[in-house]
């Protein structure tokens with residue numbers, strides 16, 4: 001059975017983590033604002049935080065430094081952040097609707113139309129452990145082989161979101177299992193990416209996948225009037241043209257199987273949908289049957 005919006009039925013759901021499954025984005029904001037306040041700087045506005053979300057660490061550091069202008073070195077900033085993160089990250093909680101959503105999707109595994117799930121987070125392993133070790137039940141629904149973290153060596157240097165590699169790799173972890181069992185592989189358009197960040201939405205769209213965008217109200221406010229553009233992955237988070245030919249060639253040598261800059265979607269093409277919460281998720285819209 002197809003989904004009600006004439007798009008392919010969803011066979012896999014791929015999840016971002018920070019700010020989507022757990023409230024860690026709010027904790028990042030607390031950590032950042034504590035440091036800014038210590039040095040007499042203004043609090044982090046959503047216009048800047050929106051650019052930091054889902055970005056690889058080096059890019060995020062540069063964007064933050066350009067805003068903060070702190071009188072300390074990058075190393076000192078990193079140490080102050082780590083001290084506070086070690087305090088706050090073990091306090092993360094699941095966001096509304098998340099436990100039910102993951103449990104319902106996991107329950108399809110034993111049906112004729114299973115929905116496979118994978119995690120695709122920019123968080124590196126150390127931070128991932130800090131944020132999730134106390135949430136073992138929540139994250140146990142993701143098979144270990146289907147957890148792709150930000151420091152996964154299979155993702156080329158500089159190939160984080162908003163490039164599509166992490167979602168293509170997450171899909172590949174599922175298809176590897178399906179191939180081994182002689183089952184039909186899942187196509188990108190049969191995947192639903194769950195994201196809260198604009199660069200993450202762009203990564204999903206560039207991967208050719210459908211996207212459920214569930215942003216923080218503050219982020220949504222920062223993109224007021226540009227919601228459809230964000231859903232299409234067309235806000236310009238990825239600037240491929242700014243890279244030199246040598247840089248592009250180096251990237252292509254690193255992760256050839258996943259190489260795809262992809263193209264964003266088209267505004268209003270239906271591949272991206274906006275949700276204010278993950279509570280009462282409309283499974284039938286995507287052709288997902290919950291037993």
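Residue numbers (the UniProt record's numbering): 1 to 291. Glycine residues also receive a C-beta, built at the ideal position from the N, C-alpha and C atoms. Predicted, not measured: the structure shown is a model, and the values here were computed from it.
For residue i, count the other beta carbons within 10 Å of its own beta carbon; 16 or more makes it buried, fewer makes it exposed. Which is it?
{"i": "residue 287", "result": "buried"}
{"i": "residue 299", "result": "Residue coverage of the chain in this structure runs from 1 to 291, which leaves residue 299 outside it and unanswerable."}
{"i": "residue 65", "result": "exposed"}
{"i": "residue 16", "result": "buried"}
{"i": "residue 170", "result": "buried"}
{"i": "residue 186", "result": "buried"}
{"i": "residue 276", "result": "exposed"}
{"i": "residue 28", "result": "buried"}
{"i": "residue 215", "result": "buried"}
{"i": "residue 125", "result": "exposed"}
{"i": "residue 217", "result": "exposed"}
{"i": "residue 76", "result": "exposed"}
Give me the Cα-Cα distance between residue i and residue j, rounded to the nearest whole angstrom.
{"i": "residue 114", "j": "residue 43", "result": "45 Å"}
{"i": "residue 168", "j": "residue 193", "result": "11 Å"}
{"i": "residue 155", "j": "residue 60", "result": "18 Å"}
{"i": "residue 327", "j": "residue 117", "result": "Because the chain is modelled from 1 through 291, residue 327 falls outside the range shown and cannot be assessed."}
{"i": "residue 71", "j": "residue 87", "result": "24 Å"}
{"i": "residue 14", "j": "residue 110", "result": "19 Å"}
{"i": "residue 58", "j": "residue 52", "result": "10 Å"}
{"i": "residue 182", "j": "residue 189", "result": "20 Å"}
{"i": "residue 267", "j": "residue 37", "result": "40 Å"}
{"i": "residue 142", "j": "residue 191", "result": "16 Å"}
{"i": "residue 159", "j": "residue 99", "result": "30 Å"}
{"i": "residue 119", "j": "residue 180", "result": "20 Å"}
{"i": "residue 103", "j": "residue 284", "result": "16 Å"}
{"i": "residue 243", "j": "residue 73", "result": "With a pLDDT of only 42 at residue 243, under 50, the local geometry of the prediction cannot be trusted, and the value read off the model is given with reservation. If I take the Cα positions, the gap works out to 27 Å."}
{"i": "residue 20", "j": "residue 112", "result": "28 Å"}
{"i": "residue 9", "j": "residue 220", "result": "28 Å"}
{"i": "residue 62", "j": "residue 39", "result": "18 Å"}
{"i": "residue 269", "j": "residue 11", "result": "20 Å"}
{"i": "residue 178", "j": "residue 281", "result": "26 Å"}
Using a Cβ-Cβ cutoff of less than 8 Å, which residues in the same chain neighbour residue i once the five nearest sequence positions on both sides are dropped?
{"i": "residue 107", "result": "290 and 291"}
{"i": "residue 235", "result": "198, 202, 223, 226 and 229"}
Considering only residues of the same chain and omitting the five flanking positions on each side of residue i, which have a CB-CB separation below 7 Å?
{"i": "residue 139", "result": "132"}
{"i": "residue 201", "result": "195, 211, 213, 230, 231, 233 and 272"}
{"i": "residue 105", "result": "13, 115 and 117"}
Got a sec? Which residues, its chain only, sit under 6 Å from residue i by beta carbon, not counting five neighbours each side?
{"i": "residue 305", "result": "One cannot answer for residue 305 here, as it falls past the ends of the chain, which runs 1 to 291."}
{"i": "residue 35", "result": "80"}
{"i": "residue 145", "result": "173"}
{"i": "residue 96", "result": "277 and 279"}
Which whole-angstrom value describes the C-beta separation of residue i and residue j, a residue pair presumed to lie in contact below a C-beta threshold of 8 Å?
{"i": "residue 199", "j": "residue 161", "result": "5 Å"}
{"i": "residue 148", "j": "residue 176", "result": "Actually they do not touch by this definition, with Cβ atoms about 12 Å apart."}
{"i": "residue 164", "j": "residue 262", "result": "5 Å"}
{"i": "residue 18", "j": "residue 123", "result": "6 Å"}
Original post:
Can you find at least 3 beta carbon pairs, one from the segment 115 to 135 and one from the segment 80 to 98, that sit closer than 8 Å?
Top reply: By the C-beta criterion, the segment 115 to 135 is judged to be in contact with the segment 80 to 98, since at least 3 inter-stretch pairs fall below 8 Å.
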